[in-house]
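The working numbering applies: residue 1 is where the sequence shown begins, and numbers increase by one.
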Amino acid sequence: MGRMRVALSVTCVNDAMYPDTGKAVVALLRRLGVDVEFPEAQTCCAQPMVNTGYLDEAVPVVRTFVDAFAGYDAIVTPSGSCAGSARHQHSLVARRSGDPGLERAVAETSPKVYELSEFLVDVLGVTDVGAYFPHRVTYHPTCHSLRLLGVGDRPRRLLEAVRGIRLTDLPAAEECCGFGGTFAVKNADTSVAMGADKARHVRETGAEVLVAGDNSCLMHIGGMLSRQRSGVRVMHLAEILAATE
């Protein structure tokens with residue numbers, strides 16, 4: 001793997017609020033022998049613009065993305081939603097731009113974007129990453145990782161291989177947590193009701209830690225769990241997989 005050029009796409013929410021997740025990805029990949037780079041020209045994946053209908057405004061954002069990540073063999077991101085955007089939305093934006101150069105660049109870059117669990121399981125071929133996390137944990141599969149990317153049981157297989165972990169099934173796991181980016185702002189009442197359902201299900205498991213592959217969803221559910229004084233903390237998958245004895 002040493003010759004493979006791998007870049008970290010850290011995402012806006014992690015850059016702004018959860019830098020430890022990005023650090024965990026780097027620590028984990030380096031431990032697995034991957035020499036991961038961080039292109040500093042990277043910005044947003046353009047998903048917020050695309051999801052709210054600002055497709056023309058998304059064009060320069062997609063252009064920045066393909067420029068920043070040009071020439072890499074793989075682009076790893078600790079987010080199902082941002083990986084989904086790069087893989088499925090960038091081509092729509094590029095087509096609309098009417099710029100064949102951008103379309104070609106996107107066709108080159110998009111297939112190389114992997115959500116963390118996909119990269120570990122499919123590209124590196126590992127499920128046991130040498131992690132140790134002696135806690136009771138439940139896993140929330142985020143909507144984009146499930147439906148847009150189809151990560152399936154990859155995150156679960158990675159978690160099952162962690163030493164000392166006690167993994168508990170989350171009831172109604174595949175229901176949306178209600179965050180949905182701008183949805184939480186525009187439809188706050190519905191979002192809160194969905195989040196309350198999710199938080200209740202998390203508490204029913206008796207888990208100490210809720211894990212997911214997207215910090216955006218964890219921010220929403222975690223906010224509810226902390227306001228309820230539940231004692232349940234939230235952690236990104238990368239941080240659990242980076243944990244060692």
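We treat Cβ as the ideally placed atom computed from N, Cα and C, and that holds for glycine.
Pair within 8 Å by beta-carbon distance, residue i and residue j
| i | j | result |
| --- | --- | --- |
| residue 87 | residue 117 | no |
| residue 239 | residue 83 | no |
| residue 4 | residue 73 | yes |
| residue 45 | residue 11 | yes |
| residue 114 | residue 243 | no |
| residue 7 | residue 39 | yes |
| residue 183 | residue 217 | no |
| residue 41 | residue 64 | yes |
| residue 81 | residue 189 | no |
Close Cβ partners of residue i (< 8 Å) along its chain, the five nearest in sequence each way excluded
| i | result |
| --- | --- |
| residue 160 | 127, 167 |
| residue 171 | 201, 204, 205 |
CA nearest to the CA of residue i, picked from the options
| i | options | result |
| --- | --- | --- |
| residue 130 | 8, 9, 241 | 241 |
| residue 134 | 17, 207, 12, 215 | 207 |
| residue 57 | 97, 163, 29 | 97 |
| residue 53 | 224, 106, 89, 219 | 89 |
| residue 93 | 41, 229, 59 | 59 |
| residue 250 | 231, 163, 154, 184 | There is simply no residue 250 to check, as the chain begins at 1 and stops at 245 in what is shown. |
| residue 181 | 174, 191, 175, 173 | 191 |
| residue 125 | 138, 157, 108 | 157 |
| residue 103 | 120, 169, 62 | 62 |
| residue 165 | 14, 51, 237 | 237 |
| residue 50 | 193, 187, 185, 91 | 91 |
| residue 112 | 71, 142, 17 | 71 |
Which residues DSSP lists as bridging residue i, in chain order
| i | result |
| --- | --- |
| residue 137 | 167, 209 |
| residue 233 | 209 |
| residue 7 | 37, 75 |
| residue 132 | 163 |
| residue 113 | 75 |
Rounded Cβ spacing between residue i and residue j (contact assumed at less than 8 Å)
| i | j | result |
| --- | --- | --- |
| residue 144 | residue 210 | Rounded, the Cβ-Cβ distance is 17 Å, inconsistent with contact. |
| residue 224 | residue 195 | 5 Å |
| residue 66 | residue 106 | 6 Å |
Same chain, Cβ closer than 6 Å to residue i, neighbours up to 5 away in sequence not counted
| i | result |
| --- | --- |
| residue 198 | 177, 221 |
| residue 85 | 45, 47 |
| residue 36 | 6, 8, 26, 29 |
| residue 1 | In this predicted model, residue 1 has a pLDDT of only 47, less than 50, meaning its place in the structure is not dependable; the value taken from the coordinates is given anyway. For residue 1, where only same-chain residues beyond five positions count, the Cβ hits under 6 Å are 33, 34. |
| residue 162 | 131, 133 |
| residue 235 | 209, 211 |
7 Å Cβ shell around residue i - same chain, five flanking residues per side excluded
| i | result |
| --- | --- |
| residue 146 | 174 |
| residue 151 | 80, 115, 117, 118, 145 |
| residue 120 | 126, 129, 158 |
Below-8 Å beta-carbon distance, residue i vs any chain B residue
| i | result |
| --- | --- |
| residue 102 | Looking at the structure shown, chain B is missing, and only one protein chain is on hand. |
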